[in-house]
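Student: Before I ask anything, let me first share the structure, which is written out below as structure tokens.
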Amino acid sequence: MHRRTLLALAAAGLAATSLAGTTVGAQAQEIFKIGLILPMTGASASTGRQIEAAAKLYMAQNGDTVAGKKVQLIVKDDTGVADVTKRLAQELIVNDKVGAVAGFGLTPLALSVAPLATQAKVPQVVMAAATATITEASPFIVRTSFTLPQATQPMAEWASANGMKKVVTLVTDYGPGIDAEKTFTATFTKAGGTVENMRVPLANPDFSPFLQKVADAKPDALFVFVPSGYGAQFMRQFTERGLDKSGIKLIGTGDVTDDDLLNGMGDAALGVVTSHHYSAVHDSAENKAFVAAFKKAAGFRPNFMGVGGYDGMHVLYEGLKKTNGVGGEALVNAIKGMAWTSVRGPVSIDPQTRDIIQNVYIRKVEKVDGELHNVEFATIPNVKDPVKAAKAN
Amino acid sequence: MSHASADSFVQSGIVARTLARRGRWRAPEILFWLAALASIWLLPDRHLILNEIAIIGLFAVSLDLILGYAGIVSLGHAAFFGLGAYTAGLIAKHFALDPLIGLVGAAATAAALGWVTSFLVLRGADLTRLMVTLGVALILAEVANQAAWLTGGADGLQGVIMPAILGRFEFDIFGTTAYVYSLAVTFVLFVIARRIVVSPFGLSLRAIRDNPLRARAVGIPVNARLIAVYTLAAAYAGVAGALLAQTTQFVSLDVIAFHRSADVLLVLVIGGTGYLYGGLVGAVVFKLLQDWLASITPQYWLFWIGLILIVLVLADRDRLTARLTAAWRARAPGPAGGAGPANGPHATPASGER
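First to last, the sequence lines map onto chains A and B. Counting in the numbering used here, the first sequence tops out at residue 393, every number present. Counting in the numbering used here, the second sequence tops out at residue 1354, every number present.
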């Protein structure tokens, strides 16, 4: 007993000293700190890597000084857990006095921070999470990624326009997946098709039993949504079940043929049709320069997560230029209505919803210079998030 | 672990005296709690992580009650933690009652679940228990996921706004109220747990842990005791979960996820089982290590924490402690006799060298 209580004491002492050590930090006024909270470990680690690399690239290209302030990035690992994310955001706001929090790989994580953003009047730039309702959780949230309904609706329209009558949807069972399922079902049935819905759990997804059911149902197409990073596993099981040769067409939002993983999926992915707002082979000068610089700096291909991070930094930079370095509510107001040519095409921030308005492209997986890519073949211009657009009318 | 030789002949006087001696508060313990109290003023901008440490500490104390004292291994302790968190979150969301009522509600629901599932835990040995506890937690996690109308499913419980404690103390953005609140609750529950484990009840639990057959032979109602302690530990875990829900004002499926159960076991491995402080010390060490490493290297901190854990286990924490104690005694020769590591239960010939 005695020696253990002693250990307790020693640990407490150590703790006190190490804690005290970390509190010392200068808070110069000329620094604008951005707390980048990302999943750096675990299943969504690829999202974190992409966004961190893109944010750093943006700073390398545009300098780390804006409106007379030095921009400093503080990267934190949220471990994919909501209460950790919230604590990190709170510490960043309270201790590090960050001017903005950014990142947020998953919907629950973004939502857990929303009340803090409101309370502390700190802009929260959502660079990844894609459930439609997120921007409604706080007036300080700005989104530079996309929303699932935004990407899904054009897919459903394309599917029915191209003669598909019966589709099975297979989505991951959480906010964005349910968004995708609802949007697809509503749009597709309205156009006269029939839809059957299936949901896969978010944790440890095993697609094979569902894929068996899909094979038995013999639909014209299978519509898939999985979070960024899960696509490779899905494609492997899809091929293992022989569905690639069954005549069932694979369609989905661009998450499943994520540029980061696509090249590793093999030729099974060829011909998959998806709708999304970004492809690494998007044909524009801005994008070509971006992809080349990104590959050089990070060593891998950028995907839509990386672009969300890149544009997230862009709105913060441009917003700060407009406000002359003032943060808080003024910064959010400066970002509202901002329009620019992103590497994904023309985009703007909806002043009403603070969500992004952008083109959605229909793409098909093809080989380009020996690598698998999502090649865009149709464009639906200036798509607003349909969920919030429907509410506004 | 060692002396169980003359258990049927002990005089009640000796028992009473032994228990009283064990129940006495020692200087290092008092210092530990004073240090915790002092941290409120000394580390004003670290209250958020300290709050988390206090909560995980309480959660680990709860696991220690069943693992360290009753020898029940569990890989599903998060079931109670999660149930408590959701109970407290829902009470706040729908009734806006005082957080203390939320704590009581969480303790009650978690205790009820603990009582029901304790009958499953009674059956079988360690491996069965691991599977059963794991299974209970997985089932509960899936229920929480499916019951999205109640729990918010994978998006988490939205719109939890916590009223001020006792109508006076609002939760602030610096986490000060949260930390003081969690620390106070943890302290009170710790004192109760400490009182329980040095009571005859606690002694009987240890007897069961060391040898269930012999415990039964000397007339200890083994099953009743195990049910009691399991229910108690569940209530503790429920309170810890409630504290997390109340201080973060958010509940998501992670509160019930497998990694919670695994983390708390890890915390106990770091701190040591069977003396209650293990949970608290482990929580301090684990969270600080995690926070420190994750801020240095957000990508690779898991590697380092894994490495440190392996080293910790290989180097044998008990031996390290024994050396520390020996050093302490050499400096301040106290009345507790027996210098050197030969006093500890791990008095192997190898100890004390190098």
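Using N, Cα and C, we set each Cβ at its ideal position, and we do this for glycine too. No experiment lies behind these values; they were computed from the predicted model shown.
(1) Residues of the segment 98 to 125 of chain A in Cβ contact with chain B at a cutoff of 8 Å, in chain order, please.
(2) Is it the case that the Cβ atoms of residue 1060(B) and residue 1245(B) are separated by a distance below 9 Å?
(3) Skipping 5 residues on each side, what residues in its chain have a beta carbon closer than 7 Å to that of residue 174(A)?
(4) Do the segment 1205 to 1212 of chain B and the segment 1116 to 1129 of chain B touch if we need at least three Cβ pairs shorter than 8 Å?
(5) Identify every run of the alpha helix (DSSP H) within the segment 1124 to 1200 of chain B, keeping only runs that are complete inside it and at least 4 residues long; order them along the chain.
(6) Does DSSP put residue 1067(B) in a helix, a strand or coil?
(7) Any Cβ of chain B within less than 9 Å of the Cβ of residue 387(A)?
(8) Buried or exposed, going by whether 16 or more other CB atoms sit within 10 Å of the CB of residue 206(A)?
(9) Quick one: which unbroken beta strand (DSSP E) runs of 3-plus residues sit fully inside the segment 149 to 181 of chain A? Chain order, please.
(10) I'd like to know whether the C-beta atoms of residue 1286(B) and residue 83(A) end up nearer to each other than 9 Å.
(11) Check each residue of the segment 55 to 80 of chain A: if its Cβ is closer than 7 Å to any Cβ of chain C, include it; give the result in chain order.
(12) Under the rule that 16 or more other beta-carbon atoms within 10 Å means buried, what is residue 148(A), buried or exposed?
(13) Is there a C-beta anywhere in chain A that falls below 9 Å from the one on residue 1180(B)?
(14) Cutting at 6 Å between CB atoms, please list the residues of its own chain near residue 1019(B), excluding the five before and the five after it.
(15) Got a sec, what are the start and stop residues for the alpha helix (DSSP H) residue 52(A) sits in?
(16) Specify, as a first and last residue, the run of the alpha helix (DSSP H) that residue 305(A) falls within.
(17) Suppose you measure from the CA of residue 26(A) to the CA of residue 43(A); what does that come to, to the nearest Å?
(18) Compute the Euclidean distance between the alpha carbons of residue 352(A) and residue 144(A), then round it to the nearest angstrom.
(19) With 9 Å as the limit, tell me which residues of the segment 1035 to 1066 of chain B have their beta carbon closer than that to any beta carbon of chain A; keep them in chain order.
(20) With a cut-off of 8 Å, do at least 3 Cβ pairs link the segment 262 to 270 of chain A to the segment 288 to 297 of chain A?
(21) May I ask you to list, following chain order, the residues of the segment 169 to 193 of chain A that have a beta carbon less than 9 Å from some beta carbon of chain B?
(22) Hey, quick one: how far does the beta strand (DSSP E) through residue 363(A) stretch, first residue to last?
(23) If you reduce the DSSP assignment to three classes, tell me which class residue 288(A) lands in.
(24) Output the distance between the C-alpha atoms of residue 268(A) and residue 236(A), rounded to the nearest integer angstrom.
(25) Using alpha carbons as the reference points, say which of 1140(B), 1039(B) and 1122(B) lies closest to residue 1184(B).
(26) By the DSSP assignment, the alpha helix (DSSP H) with residue 329(A) in it spans what residues?
(27) Using a threshold of 9 Å, state whether the C-beta atoms of residue 1161(B) and residue 1099(B) are closer than that.
(28) According to DSSP, is residue 251(A) part of a helix, a strand, or is it coil?
(29) Considering only residues of the same chain and omitting the five flanking positions on each side of residue 1225(B), which have a CB-CB separation below 8 Å?
(30) For a cutoff of 9 Å on Cβ pairs, would you count residue 327(A) as touching chain B?
(31) Of the residues 1106(B), 1270(B), 1190(B) and 1081(B), which one's Cα is nearest the Cα of residue 1288(B)?
(32) Assuming residue 53(A) and residue 298(A) make a contact with CB atoms under 8 Å, what is their CB distance in whole Å?
(33) Can you name the residues of chain B whose CB is closer than 7 Å to the CB of residue 95(A)?
(34) Taking all protein chains shown into account, decide if residue 194(A) is buried (16 or more other Cβ within 10 angstroms of its Cβ) or exposed.
(35) Three-state secondary structure (DSSP) at residue 384(A)?
(36) By the three-class DSSP mapping on this structure, what secondary structure does residue 223(A) have?
Tutor: Answer, in terms of the structure:
(1) 107, 108, 111, 112, 115, 116, 119 and 120
(2) On the second sequence, residue 1060(B) is found 60 positions in, with the first residue counted as 1. On the second sequence, residue 1245(B) is found 245 positions in, with the first residue counted as 1. Cβ distance not < 9 Å, so residue 1060(B) and residue 1245(B) don't count as in contact.
(3) As a first step, residue 174(A) is located in the first sequence; it is residue number 174 there, counting from the start. Once the five neighbours on either side are set aside, the close Cβ partners of residue 174(A) are 107 and 202.
(4) no
(5) 1126 to 1146, 1148 to 1151 and 1176 to 1197
(6) Reading the second sequence from its first residue, position 67 is the one you call residue 1067(B). DSSP places residue 1067(B) in helix when its eight states are reduced to three.
(7) One-based indexing of the first sequence puts residue 387(A) at position 387. Not closer than 9 Å to any Cβ of chain B, the Cβ of residue 387(A) fails to qualify, so no.
(8) As a first step, residue 206(A) must be located in the first sequence, where it is residue number 206. So residue 206(A) counts as exposed.
(9) 166 to 172
(10) Taking the first residue of the second sequence as 1, we reach residue 1286(B) at position 286. Taking the first residue of the first sequence as 1, we reach residue 83(A) at position 83. No; because the gap between Cβ atoms is not below 9 Å, this pair is not in contact.
(11) Of the protein chains in the structure, A and B, none is chain C.
(12) In the first sequence, residue 148(A) corresponds to position 148, counting from 1. So residue 148(A) counts as buried.
(13) For the purposes of this step, residue 1180(B) is taken as residue 180 along the second sequence, with counting starting at 1. Residue 1180(B) does not count as touching chain A.
(14) In the second sequence, residue 1019(B) corresponds to position 19, counting from 1. So the qualifying residues of the chain are 1198.
(15) What you label residue 52(A) is simply residue 52 of the first sequence in a count that begins at 1. Where residue 52(A) is concerned, the enclosing alpha helix (DSSP H) stretches over 45 to 62.
(16) Translated into the one-based positions of the first sequence, residue 305(A) becomes position 305. Where residue 305(A) is concerned, the enclosing alpha helix (DSSP H) stretches over 304 to 323.
(17) Taking the first residue of the first sequence as position 1, residue 26(A) is located at position 26. Taking the first residue of the first sequence as position 1, residue 43(A) is located at position 43. Caution is warranted here: a pLDDT of 41 is assigned to residue 26(A), below 50, making its placement in the model unreliable, and no coordinate value can be reported.
(18) In the first sequence, the residue the question calls residue 352(A) occupies position 352. In the first sequence, the residue the question calls residue 144(A) occupies position 144. In a straight line, the C-alpha of residue 352(A) is about 15 Å away from that of residue 144(A).
(19) When C-beta distances to chain A are compared with 9 Å, the residues of the segment 1035 to 1066 of chain B below that value are 1035, 1036, 1038, 1039, 1042, 1043, 1044, 1045, 1046, 1047, 1048, 1049, 1050, 1051, 1052 and 1053, in chain order.
(20) no
(21) 172, 173, 174, 175, 177 and 178
(22) Residue mapping note: residue 363(A) aligns to position 363 of the first sequence, counting from 1. Where residue 363(A) is concerned, the enclosing beta strand (DSSP E) stretches over 356 to 368.
(23) Here residue 288(A) is taken as the residue at index 288 of the first sequence, counted from 1. It is helical.
(24) On the first sequence, residue 268(A) is found 268 positions in, with the first residue counted as 1. On the first sequence, residue 236(A) is found 236 positions in, with the first residue counted as 1. Their Cα atoms are separated by approximately 8 Å.
(25) Position 184 of the second sequence, counted from the start, is the residue given in the question as residue 1184(B). It is 1039(B).
(26) Numbered from 1 along the first sequence, position 329 holds the residue referred to as residue 329(A). Unbroken alpha helix (DSSP H) run through residue 329(A): 328 to 335.
(27) As a position in the second sequence, residue 1161(B) is number 161, starting the count at 1. As a position in the second sequence, residue 1099(B) is number 99, starting the count at 1. Not a contact, by the Cβ cut-off of 9 Å.
(28) Looking up residue 251(A) in the first sequence gives position 251. In this structure, residue 251(A) counts as strand in the three-state DSSP scheme.
(29) What you label residue 1225(B) is simply residue 225 of the second sequence in a count that begins at 1. Correct list, in chain order: 1070, 1201, 1204, 1205 and 1208.
(30) Start at 1 with the first residue of the first sequence, and residue 327(A) comes out as number 327. Judged by the 9 Å Cβ criterion, residue 327(A) is not in contact with chain B.
(31) As a first step, residue 1288(B) is located in the second sequence; it is residue number 288 there, counting from the start. Checking every option, the nearest Cα to that of residue 1288(B) belongs to 1270(B).
(32) Residue mapping note: residue 53(A) aligns to position 53 of the first sequence, counting from 1. Residue mapping note: residue 298(A) aligns to position 298 of the first sequence, counting from 1. Their Cβ separation, rounded to whole angstroms, is 4 Å, which keeps residue 53(A) and residue 298(A) in contact under 8 Å.
(33) If you number the first sequence from 1, residue 95(A) lands on position 95. Neighbours of residue 95(A) on chain B, chain order: 1045.
(34) For the purposes of this step, residue 194(A) is taken as the residue at position 194 of the first sequence. Looking at its Cβ environment, which holds fewer than 16 other Cβ atoms inside 10 Å, residue 194(A) is exposed.
(35) In the first sequence, the residue the question calls residue 384(A) occupies position 384. Note: residue 384(A) maps to coil in three-state DSSP.
(36) As a position in the first sequence, residue 223(A) is number 223, starting the count at 1. Residue 223(A): strand per DSSP, three-state reduction.
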